[in-house]
Amino acid sequence: MAEFTDRITPEHEAMIGRQSVYFIATAAAEGRINLSPKGYDSFRVLGPNRVAYLDLGGSGNETHAHLLVDGRITVMMCNFHQPALILRLYGHGKPVLPADAAWNELAAHFDILPGTRQIFDIAVDSVQTSCGWGVPVMAVDHERQTLVKYHAQADPVAWEAKVAGRTRSIDGLPVRPTDRYIGGN
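Per this note's numbering, the sequence shown runs over residues 168 to 352.
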């Protein structure tokens, strides 16, 4: 049976801290619903009603576009260990780019990875937990380093030119491209 709360409890935060993968869902009034898996050490609980995650450049920027238009976002985490549990965070988010005033405050919570283009700042409206009995028990072998390696090896000038041209989502919604290359060590 699903249970709702209006905030992230210490028990929720502990469960969140054990997860290696999470899922982000967003939508605009028209177009596709976006659902993206995320990994790395990229998610933070900043308070009982606030979370954030570090976003690396990838194949698209749908979450950014949807949040500019609509703001709604759902984060889902599945406990692949025991006890079985699914946790959803419902809220409203906004993209924060390196040029934005809120960047330094949010970035201080993360180890900034090569290819970081933005941090999503999410105000949590409600939290839902459910049984998760249909989710398999699984173990994580290791993180894939491919995306971070790709960005670390990129030519900064070419990377910035490529990203600067990405001003629309798949459905043609506007996005703000990141203003700087965050590359290798």
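Think of the CB as a built atom: it goes at the ideal place given N, C-alpha and C, for glycine as much as any other residue.
Test item: CB-CB of residue i and residue j under 9 Å
i	j	result
Asp237	Ala181	no
Gly206	His318	no
Val291	Asn216	yes
Ser209	Phe277	yes
Ile253	Gly214	no
Sequence-distant residues of its chain with Cβ nearer than 8 Å to residue i (five each side left out)
i	result
Ala194	Ile200, Asn201, His233, Asp237 and Arg239
Met169	Sequence inspection shows Ala at residue 169; the Met mentioned does not correspond to that position. Excluding residues within five positions, the ones whose Cβ falls inside 8 Å are Gln295, Thr296 and Ser297.
Neighbourhood of residue i by C-beta, 7 Å cutoff - its chain only, sequence neighbours within 5 removed
i	result
Pro177	none
Val315	Leu280, Pro281 and Gly282
Val212	Ile175, Glu180, Ile183 and Val218
Thr334	Pro341, Val342 and Pro344
Whole-number beta carbon distance between residue j and residue i, since they are thought to touch under 8 Å
i	j	result
Met244	Ile183	6 Å
Tyr257	Ser293	5 Å
Ala269	Asp288	7 Å
Val307	Ala251	At roughly 17 Å, the Cβ-Cβ gap does not stay under 8 Å, so Val307 and Ala251 are not in contact.
Helix, strand or coil at residue i according to DSSP, with G and I counted as helix
i	result
Tyr317	helix
Ile286	strand
Thr172	strand
Ile279	coil
Ala188	Sequence inspection shows Val at residue 188; the Ala mentioned does not correspond to that position. Coil at Val188, not helix or strand.
Ile240	strand
Leu235	helix
Ile183	helix
Nearest candidate by alpha-carbon position, reference residue i, set the options
i	options	result
Asn228	Gln312, Val330 and Ile349	Val330
Pro265	Asp222, Leu213 and Ser226	Asp222
Gln320	Gly301, Gly332, Val302 and Tyr348	Tyr348
Residues near residue i by beta carbon distance below 6 Å, same chain, minus five either side
i	result
His231	Pro262 and Val342
Asn271	none
Near the ligand FMN: residue i beta-carbon under 8 Å from a heavy atom
i	result
Phe277	In terms of ligand content, the structure shown is empty, and the ligand FMN therefore cannot be addressed.
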